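Position one of the sequence shown corresponds to residue 39 (the working numbering), numbered consecutively onward. Note that CB positions come from ideal geometry on N, CA and C, so glycine has one too. Owing to the predicted nature of the structure, the values given are computational and were not obtained by experimental measurement.
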Amino acid sequence: MDSLRLIGSTEAVETLLALLQDGDEPLRWQVARALGDFKSDAVVEALIKATERPFGILPAIPALARIGSDRAVERLITLMGDLIQNDAASYEAMTWLVRLGTGKAVDGLIEAWNSPVSIHRERLYFYSANTNPSS
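Now the structure itself:
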């Protein structure tokens, strides 16, 4: 995966995108990590689509955060808010939004903090109390 990531050509990205859809779970983790270095709309959309599959969510979250585009951050905010479908992904998305710290990410975190029916206030409090968000 690293060699394809380093090549960075259109063909390498297309190969990684195909592997993201068809590879086994350990391979998808490596592919998602490699795709986080590419800032194209096609990569963002493929990672977003991967988050719609049960086993594709967690590998795609750090990659979306590394890309950090508005579309990627919007998906992270949506994943953070979806406690019913995947609580682990919700928490993981929240932590990456904190680390990302962009205006859009912070807006999503503040909205979650202010929600009267959300557990994110407690999660954010405990996360910030136990973690240095800048690391």
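Could you tell me the boundaries of the alpha helix (DSSP H) in which residue i lies?
i: GLN59; result: 48 to 60
i: PHE164; result: 158 to 168
What number of angstroms, rounded off, separates the C-alpha of residue i from the C-alpha of residue j?
i: GLU52; j: GLY74; result: 14 Å
i: GLN59; j: TRP67; result: 11 Å
i: ALA103; j: GLU49; result: 23 Å
i: VAL155; j: ASN124; result: 17 Å
i: VAL81; j: ASN168; result: 33 Å
i: HIS158; j: ASP120; result: 11 Å
i: LEU55; j: ALA84; result: 7 Å
i: ILE95; j: LYS87; result: 9 Å
i: LEU65; j: PRO97; result: 10 Å
i: SER153; j: GLY139; result: 19 Å
Quick one: measure Cβ to Cβ for residue i and residue j, integer angstroms, because I've assumed they're closer than 8 Å.
i: LEU114; j: SER128; result: Actually they are not in contact, since the Cβ atoms of LEU114 and SER128 sit about 10 Å apart, beyond 8 Å.
By Cβ distance, which residues of its chain are closer than 8 Å to residue i, with the 5 residues on each side in sequence left out?
i: LEU162; result: MET132, VAL136, LEU147, ALA150 and TRP151
Check: Quick one: complete beta strand (DSSP E) runs, 3+ long, within the region 78 to 156?
Finding: Taking 3 residues as the minimum length, the region 78 to 156 contains no beta strand (DSSP E) run wholly inside it.
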